[in-house]
Each structure stands twice: as structure tokens, then as C-alpha cells.
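Participant: I'd like to ask some things about the structure below.
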Amino acid sequence: MYYDGGGEDSDDEWFYSSFKRYDDLSMYNVQGSISSMALKGNSKLLLASSRGQHHEILELSVPKKIIAGKDSGLTRDRDFGVLTGGYTTGLVKRILPLQVGVVTSESTGINFYSIPNSLDDTDIIMLKQVIKKDVESYPITDANSVLYYGIDISDVVTYDLSSETSKNISLVPDSTETLSKEINSGAIGDLCSKHGNIYICLNHSGNVLIFDPRKNHLLQKGVYCEPLGGRWTLDVGDSGHYVATFGSKGCLRLYDSRNFNKFLWNKDFKVQEEFKSKSDECICVRLSPHNNLVSVSGIDRNIHISGINEIPKDNNLFIHDGHRDREIQSISTHLWHPEQENLLFSADDTGQLQAWRFKGS
Amino acid sequence: MPDIKVTPLGAGQDVGRSCILVTIGGKNIMLDCGMHMGYNDERRFPDFEYITEGNLTEHLDCVIISHFHLDHCGALPYMTEMVGYNGPIYMTQPTKALCPVLLEDMRKVAVERKGETNFFTSSMIKDCMKKVITVTLHEIVQVNKDLEIKAYYAGHVLGAAMFHIRVGSQSLVYTGDYNMTPDRHLGAAWIDKCRPDLLITESTYATTIRDSKRCRERDFLKKVHDCIDRGGKVLIPVFALGRVQELCILLDTYWDRMNLKVPMYFTMGLAETANKYYRMFITWTNQKIRRTFVHRNMFDFKHIKPFDKSYMDNPGPMVVFATPGMLHAGLSLAVFKKWAPNSNNMVIMPGYCVQGTVGHKILNGAEKIEFENRQTVEVKLAVEYMSFSAHADAKGIMQLIRHSEPKNVMLVHGENAKMDFLKQKIMQEFNINCYKPANGETNYIPVSSNLLVDVSLSLLKQTMSSSSTSGGTVPAVSSSMMSPSSSSPEESEAKRKKVLHGVLIMKNNNVRIVGVNEAWGELGITPHQLRFTERIEIDDLGPVPALTSTLHSLLSQKLGASQVQAVNEYQLSVADTVCINVQDDEPTKTVFISWTHQDEALGSKLLEIIKANYKKT
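Taken in sequence, the protein lines are chains A and B.
Taking numbering that gives the first Met the number 0, I'd label the letters of the first sequence as residues 0 to 360.
Taking numbering that gives the first Met the number 0, I'd label the letters of the second sequence as residues 0 to 616.
Structure (C-alpha cells):
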């Protein structure tokens, strides 16, 4: 006659124990598998999800309860509101929020969509420009109102959204000789920008380069590391000094760019067996906006948080294990709230979106 | 084509009141009859004058109420007893039992607390409920000769149902409020692939992604625990038939697990009412509750005990569940008055509170409450709000559409004016139309009726083998069929649409299409053919062949060269069926146009063309 609820009792224990571990915890169900997320300011979340051939991007308002601060408990507004939404042409792997819209790197190419505001009649996010067709999940970033994308450092494209013009640049303009000796391959794992500089993390080796587009040359390169293989990703702290790289084999490295000829420390995480095939796509590393913390996900069902300053021992500072569904095959991504302390968002491929504030030690 | 006509009734753009008028197959039905809780004047009731002035009985075939929430049934007694309606009202058994309880409660608050006049009376509520006919789930109820309805389980609250309505070959489903995820005491909504022409669904939470039940419960437990930890007392005013059962199970389990010793209580009135109704409607709850109920009384908990009024003076922390839920009277109000001045204490409000109640006031931040006897109470305790109400969100709506496969969808009572993306999703993913009417705006949903017809085999074979589409007695198919981009001839031959020309015979409740010749034979009719001939006199002095040639050019120009053939010097043939003869009738010429009955249109057109061209000035 109707569907019965089941299996909730086994989770009771975890929820009870969560009282001591989390100040706040909220869980949401989105239709489809969440492939990417990005925050727009403090109060809007852009989220991409897929169901078969249907791919959509949603602009959500973050519930007041989450932004209200620690432990506000039973506040009325605890739900995400769908402000605008639209179909994307492909599965979205990266989201770059801009002023009037969003740039996405999808399985079918790189696109720019316009997002209507509250004064517009419609709530539909529309494709405005096809920036690059038929390229799959390219790393993208933007600096000084220019978009950068590419999969090899010798062949990066800059694209100006307003003039819709693109230009090819090489991030290794001179001294190719000295560089190529050390850099096994120029394949780009990920791009990031901070204070107008472009930070590049190379696949296989996880080596880091910093490029200044205004002076058009490489500023620095991080200490050379022997390639471990696999895909690598990176994140850069707010100040531009701390750089964290994370490889799909589970290796996390932390650098201080003021002293780039060594790294501060590295740490190896175990990649769980069932997650090995997905770790290439899903590895994610983030540096927190305050408190000097670093977090990683993509190697198992959890989000692991460590402190930057101490050399981490075996224990992590905090492990978020709220994604408990047995059907989960990957944690798609996670991110820190830019202002609220210890507040993170995480998403998995069953459509679960979680917002959680862990108790600091 | 027949239409289904839908008008959500109401004043302005407000949500918070459900009352939808539907006309289907000539029958008029009112779906829900809710009251808007935010207004104190006539605006809280739907505008019944839209239907007609005065008594509504002649204008409605029936009224259907989905569940006992006031925004779905609050205006019912007003409509039946004060505006006037004596026809049938359909609802489920729990709804019939619970509606009057809420209506009476609301009436008391309105009249006694707010001093309203011209409100429906207690006896009006009783008279109204006498008109109610109860329905069971999945039972087909024949309202009258043509109209039948069927209820489906909706979850949401005890007794809530979705209704399937059918008149002849047209059908629609009205969801009321529903939810697609089961919880601790109710199951989730369920419907079969009934493929209604129209699905009318509530869309209040269509643009929301809701926090999970588990996390709301977690916060609730945490709040209660934190309060008793600091020695405070927690008051939870509840409606006996709301989620109190769920919350008690939640707290009892938690207390057990955490080995807490702080006393918890429920008021006896609450237990009695809840037990009485749950006993009646046990089949409406979920498996888990039914299992426990068999073994013990609903309110037989390990850590929650019956409350005595004197306990409220006891020192130390405690938790109390008490009715009524809006703090407008009775024991919950008495406890509140006692505990409110202490800032260590807490009250957790269960949800919606009607205007005028203490609950409503404190939820809006009142720091002091004045009572009739000049008594004032300082509100220093923490006021918390919790809502565990279960509604379908965007994901749930899509699930329901997927299960029921409607041909059209209508979203009603959506708070967010902009739902273009949701509409687009529904239209794209299910390939159906989606409507979103404003209050008072009527929508017409076209319904196509499908009639199943047998076709004679010989006619089918004949049509399939007939070469493409041109010629014959049939007008040419549009040229888009022959577009250059179409694939190879063999393939397009099979996919190309063909027009079937036959006779529809309805005999012995059986409908068939047979070929024309078959029909003559079967019906024993001798075929007759009608041929019309028109003559036009034309002032033309030239030779006959010249006139024929001119006509040929004229008609080719108008109809296309392929249509007009010159048979000989004085005869033309149009579309192989219409004959044009030119005769010399000194001093004028006569043109004869001859066509059969079937080519009436073509014949008339040719006549017009020629006449227009040779108009006598």
C-alpha cells in the first residue's frame, strides 16, 4: 500500500555520537548525482547534478540556520531554496562563479551560462557562450577577468568573456630546457588563481608552478618531486602562501611558497579499494579560510581534516563520516564556507549534500 | 476536443489556502475547502461567489477533502452552512473523525479569544459533518452515474489521501499534501500508473531542498538535552494527533540509550485522545507503529509517565508533552504560565499556531503576555520552533509524476512565483505540459480522447501497398514529407505516413474501419455516385483550343502544373478527377466543370477561380 521507512535504527548511534562531534549538522537530498559545487559569496551555492543524460546546474540559497552561526539549532529556515536552475550540455566537473553568470568545465566542453537575478522574470539559467567545444573536463580558473584553461602547460588558452576572444599562451615561455628536465610531463592536473597569479599542479608528479600572467613568466616552481603517478589537484590559501597538493594515490603535500625549495610536510592517505577507480576524478583538497587547516576527500567515504602547522601524526584533527549510504561510490567534492568557522559542505554521488560544523578542539 | 477546466479559488496571490474548482466531463467538483489562517476577515475564506451567488448545491457535484489540516478544510462549515451546500462531501475516515476536532478548536479561539462574530457555530460543524461520506483507500466510489472517485494513500498526516477522479474517459488526480519519504509513524505516498489526463499537485516546497528528518530530530534532541543539562524544564505543547507519538518514541529511545534519569511526562488528555484515534485508524500508520501497538498501548513508554498538575511545581529539570498545541487553553497553557518567567526553561512549538493564540504571540517574539484577568506573564524562557511536517519537494514531485504518468501536470499553491525551471524540467523529461495558474485564473487543459478501433486487414494491406501519397481521391501530402534530407527511399517508404481511406462502422458495441467497397458489401447498400456539372458562360471569341490553353495556364498557375492535364484540345483534367470541357456556343463559349461528390471542395474552388477570372464587368 505504501513504502515503509527502514534501517533508521542502525544510524541512531552515529547521530547520538554526533552531538559531541558537531555543533551543527544538516543533510539534504538532491535529485541525481552531484558532480560539482562552488560557493558564490557567503549565501549562495552553485551545484551541478546529473541523472543519466540530464545534467543540471542549480543556484541555491544557503539556509539562514547555517549562516546564522554556531548551534542556532531549531531556526525556521533550515532548507536550501532553489533560486535559479538550468540544463547544462554535459556533466559538470568544475564550476567558476562570476558576476553575472558561471563558467563550467563539462564533459562536452567549456561553457558560460547567465544566471538571472531576482528582478528577472525567469529563473532559468541559460547557455550564453560556448567557450570551447568537445574538450572533456578541462581544468579552468580565472584571474583578472580572464579565463584560463588547458591540459598542458605548453598550450594554455586565455579567454576574454567580454570580447569573446581567446589567445594561446605557454606557461613555460622561456628556459624550456631547464624546466623540461625536471618536469616529466606538462600535463596539467589542476589550475587555481590567487591575487592574480596562476598556480598550476602537474599530473603524475604533483609538481607546482606559479605563473604571473601580468609579467607573462613563471614566478616560481616548487621543489621537484619524483612522479608517483595518477591525477593531482591543488588548492591555495587565502594569502597565497600555503599551497596544498593531493594525488589520487593518496599523497598530500603542503608547501609554503615563501620557501618553495622544500615542502612543509607530506602525508599518505590510504585509498580504499572500492574508491580506487573513482579517485582520479574525485580527489579534492581544500585549505580552510581561517585556522590554517587542510582537508581532503575522494579516497574513501570521508572528509579528512588536518592542521597545517603541526606535522600530522597518524591521527587526523577531524574525520567527517556523515556520508554513510552503502551505495556511495565517491565523495564528489567538498568546500569550506568562506566566513563561518569550521563549516563545510560536502557532496556524494547519491545526491546527498551535507552542511556540517565540527567542534574545534 | 473536451477540456478539463481548473480554477484555484482565492483572493489575490496568497497561498495558505487550498480550494480548487474542477470541471471534468461536465461535472463540477470542489477539491478541498481551506481557510487562510493569516486573515481575520472574509479574505480567509475562498470566494464562493465565483461559482454562483448563494446556495452552491446545484452547481457542484461533490466536494472532496484531502486531509484535516485547516488550510484544506477550515472553510468547510462556512461553505456548507453559511453559504449553503447540501450535496455529498467525500473524505477518508480519519479525516472525518479529526476535522471536527480541529474546526471546533479553531472556532473556540476565533470566538472566545478573538471575540469574532459571524463565525460558524459548533452545531454548524456537526451539521456539516453529517453530509460527509467516507471513502476507503483504493475503493472506487460512484458519486453519480458518470462520476467516480478513488482515494490513494498520501502520507503527510493521519488519513491524508490523494484522489483519482474519473468521468467517462477523462480522469485527473489531485494530491492534496503528500510526501514521498516514509517517516517514523507514517508511510510514503503511493499511486499506481493510472495515467490521468491531469495531475494537480501542491507545489509549496517545489523549489526547496529540505533538511532531512534525522537532522531535525538531532537538533531537537540536542536542544532538549542541553536544557535539562542546565537544570531547565522543557514544555512541548502538542496536538494529540500530530507528531507527538513520533517525538515520544524519539525521546524515549534517546533517554534509554543515554541512561538519562530526568523525568518526562505526557498529559492524560493527550494520551487518551491519541490512543482513541490511533486505535481507530491503526491501518493508516506504518508497519513499525502497528507492530508496537499490538504489543502495548500507544503511550506505554519506559521513560515517559502520566503527568499530574502538581508536578509542575517540582524542582529540577523535566520534560512535559501537553495539549493543546497552540497554548491557547488547558494544561499546556497552565504549565507555560508557570515556567515562562525562568530563563533556564524552554518551550518547543510544534509548528503552525493560529493568530490570537499565545503560541502565535511568542513565536513572534512577544516578551510579555497579558491575559483576561489582568494577569501578565513575562516570557523569559527560550522559545524554539520545530517543524517536522512532511511535504514533497521538487524531487518528490518528479517521483510522483514518474509513478503516475499523467498527460498534463498542474502546479498549485506555489509560494515562489518563478518556477520556470521546474516547468521546463517536467516538460522536457516527461514530454508533457505543465501549468501553473494564479489564484482565480482558469486553466483549460485539452484532453484527447482515444478511441480504439479495429481496421480490416485487407484495407491495411491495400493502404500499405499503395504507392506513396500523390494522386487518388486524396489531397496531396505536404512537401515536407519529401524533404531532401530524408534518408534512403526504402527507409522513408516504411516511415512515411499514409492516409487510410475507409468507412467507420459502429455495430454491436464494436467500432471498425473497413475499405469503401467492403462497406458496400457488408451494409448491403448499392453504391451510388453523385456527379455535379456546372456550366459557365464565357465571352471569348477565339477558337476553342485557345481558350482551353488559357484555362490550362490559369489553373496550372493556381494549383500547380502537375495537377492539371490537357486531355485534348477542348478537355482538361484536374487532379485526375475533375473534368473541364470547353464548348463552342456561338457567339460565346461554355465551360463545363464536372466533379463527383467527393471532390466538392476542389470543384468549387475551380469554379471560383474560373468565375473570378472571367467576371463579367
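Glycine residues also receive a C-beta, built at the ideal position from the N, C-alpha and C atoms.
Would a check of beta-carbon distances place asparagine 215 of chain A closer than 8 Å to chain B?
Facilitator: Cβ-Cβ to chain B under 8 Å: no for asparagine 215 of chain A.
Participant: So, is the C-beta of methionine 397 of chain B closer than 8 Å to a C-beta in chain A?
Facilitator: So yes, methionine 397 of chain B belongs to the interface.
Participant: DSSP on arginine 323 of chain A, reduced to helix/strand/coil?
Facilitator: In this structure, arginine 323 of chain A counts as coil in the three-state DSSP scheme.
Participant: Note down, in chain order, each residue of its chain lying with its Cβ closer than 8 Å to the Cβ of aspartate 141 of chain A, except the 5 sequence neighbours on either side.
Facilitator: For aspartate 141 of chain A, where only same-chain residues beyond five positions count, the Cβ hits under 8 Å are Leu95, Leu97, Val102, Tyr147, Ser192.
Participant: Within the 8 Å Cβ cut-off, does threonine 83 of chain A reach chain B?
Facilitator: Chain B, which has a Cβ nearer than 8 Å to the Cβ of threonine 83 of chain A, makes this yes.
Participant: Quick check: the stretch 389–404 of chain B against the stretch 365–374 of chain B, are at least 3 beta-carbon pairs closer than 8 Å?
Facilitator: Counting Cβ pairs under 8 Å, fewer than three are found: no touch.
Participant: Could you tell me if proline 115 of chain A is buried or exposed, where buried requires 16 or more neighbouring beta carbons within 10 angstroms of its beta carbon?
Facilitator: Buried, since its Cβ has 16 or more Cβ neighbours within 10 Å.
Participant: Please classify glutamine 354 of chain B: does DSSP put it in a helix, a strand, or coil?
Facilitator: Glutamine 354 of chain B falls in the coil class under three-state DSSP.
Participant: What is the residue span of the beta strand (DSSP E) that proline 7 of chain B lies within?
Facilitator: Per DSSP, proline 7 of chain B belongs to the beta strand (DSSP E) from 2–7.
Participant: May I ask you to list the residues that DSSP assigns as paired with glutamate 533 of chain B?
Facilitator: According to DSSP, which records beta bridges pairwise, glutamate 533 of chain B is partnered with B:Ile592.
Participant: Can you look up leucine 516 of chain B in the DSSP assignment and give me helix, strand or coil?
Facilitator: The identity of residue 516 of chain B in the sequence shown is asparagine, whereas the question assumes leucine. In the structure shown, asparagine 516 of chain B sits in a helix (DSSP, three-state: H, G or I).
Participant: Would you report the Cα separation of glycine 321 of chain A and leucine 421 of chain B, rounded to the nearest angstrom?
Facilitator: When rounded, the distance between both Cα atoms is 29 Å.
Participant: Do glycine 89 of chain A and histidine 53 of chain A count as a contact pair if the criterion is CB distance below 8 Å?
Facilitator: It is not a contact, given that the beta carbons lie outside the stated cut-off.
Participant: In angstroms with no decimal places, state the Cα-to-Cα distance between isoleucine 28 of chain B and tyrosine 351 of chain B.
Facilitator: One C-alpha to the other measures close to 29 Å.
Participant: Here's the rule: buried if 16 or more other CB atoms are within 10 angstroms of the residue's CB, otherwise exposed. What is methionine 26 of chain A?
Facilitator: With 16 or more Cβ atoms within 10 Å of its Cβ, methionine 26 of chain A is classed as buried.
Participant: By the DSSP assignment, the alpha helix (DSSP H) with isoleucine 383 of chain A in it spans what residues?
Facilitator: Nothing in the structure corresponds to residue 383 of chain A, since chain A is present only between 0 and 360.
Participant: Among all the DSSP beta bridges, which residues are the ones paired with asparagine 341 of chain A?
Facilitator: Answer is none; asparagine 341 of chain A lacks a bridge partner.
Participant: Straight-line CA distance for asparagine 258 of chain A to glycine 221 of chain A?
Facilitator: Each residue's alpha carbon lies about 9 Å from the other.
Participant: With a CB to CB cut of under 8 Å and the five nearest residues on each side skipped, what residues in its chain are close to tyrosine 553 of chain B?
Facilitator: A small fix is needed here, since residue 553 of chain B is leucine in this sequence, not tyrosine. These residues qualify, in order along the chain: Ile608, Ile609, Asn612.
Participant: Is the CB of lysine 358 of chain A under 8 Å away from at least one CB in chain B?
Facilitator: No, no contact with chain B.
Participant: Going by DSSP in three states, phenylalanine 361 of chain A sits in which element: helix, strand or coil?
Facilitator: As displayed, chain A neither begins before 0 nor continues past 360, which places residue 361 of chain A out of reach and without an answer.
Participant: So with CB distances below 8 Å, who are the chain B contacts of glutamine 30 of chain A?
Facilitator: By Cβ distance, chain B contributes Ala393, Lys394, Met397.
Participant: Report yes or no: do the stretch 70–89 of chain B and the stretch 121–130 of chain B share at least 3 C-beta pairs separated by less than 8 Å?
Facilitator: A contact exists between the stretch 70–89 of chain B and the stretch 121–130 of chain B.
Participant: Closer than 6 Å by C-beta to serine 170 of chain B: which residues in its own chain qualify, once you throw out the five before and the five after it? Chain order, please.
Facilitator: Contacts found: Pro195, Asp196.
Participant: Tell me which residues share the same chain as histidine 155 of chain B and place their Cβ nearer than 6 Å to its Cβ, disregarding the 5 neighbours each side in the sequence.
Facilitator: Excluding residues within five positions, the ones whose Cβ falls inside 6 Å are Asp176, Tyr177, Asn178, Ala389.
Participant: Have a look at lysine 212 of chain B and aspartate 182 of chain B and give me their C-alpha separation to the nearest angstrom.
Facilitator: Rounded to the nearest angstrom, the two C-alpha atoms are 8 Å apart.
Participant: What are the residues of the stretch 123–140 of chain A that lie near chain B, defined by any Cβ-Cβ distance shorter than 8 Å?
Facilitator: Going along the stretch 123–140 of chain A in chain order, one finds Ile123, Ile124 with a Cβ nearer than 8 Å to chain B.
Participant: Rounded to whole angstroms, what's the CA-CA distance from threonine 576 of chain B to threonine 595 of chain B? Just pull it up for me.
Facilitator: The alpha-carbon atoms of threonine 576 of chain B and threonine 595 of chain B are separated by roughly 8 Å.
Participant: Quick check for students: name the residue ranges of the beta strand (DSSP E) that lie wholly in the stretch 11–91 of chain B, counting only runs of 3 or more.
Facilitator: Runs of the beta strand (DSSP E) inside the stretch 11–91 of chain B: 19–23, 26–30, 61–63, 88–91.
Participant: Can you give the Cα-Cα distance for isoleucine 535 of chain B and lysine 588 of chain B, rounded to whole angstroms?
Facilitator: One C-alpha to the other measures close to 8 Å.
Participant: In chain B, what lies closer than 8 Å to methionine 36 of chain A by C-beta?
Facilitator: Within 8 Å Cβ-Cβ: nothing; methionine 36 of chain A doesn't reach chain B, min ~13 Å.
Participant: Say the cut is 7 Å; is the CB of alanine 150 of chain B nearer than that to a heavy atom of the ligand ZN?
Facilitator: This structure lacks the ligand ZN; in fact it carries no ligand of any kind.
Participant: Please decide whether phenylalanine 47 of chain B counts as near chain A, where near means a Cβ-Cβ distance under 8 Å.
Facilitator: Not closer than 8 Å to any Cβ of chain A, the Cβ of phenylalanine 47 of chain B fails to qualify, so no.
Participant: Check whether the Cβ atoms of tyrosine 264 of chain B and methionine 317 of chain B lie closer than 8 Å to each other.
Facilitator: Contact: yes.
Participant: Kindly say whether aspartate 210 of chain B, judged by its beta-carbon, lies nearer than 8 Å to any beta-carbon of chain A.
Facilitator: Yes, because at least one Cβ of chain A sits closer than 8 Å to the Cβ of aspartate 210 of chain B.
Participant: Flag threonine 121 of chain A as yes if its beta-carbon sits less than 8 Å from any beta-carbon of chain B, otherwise no.
Facilitator: Closer than 8 Å: yes.
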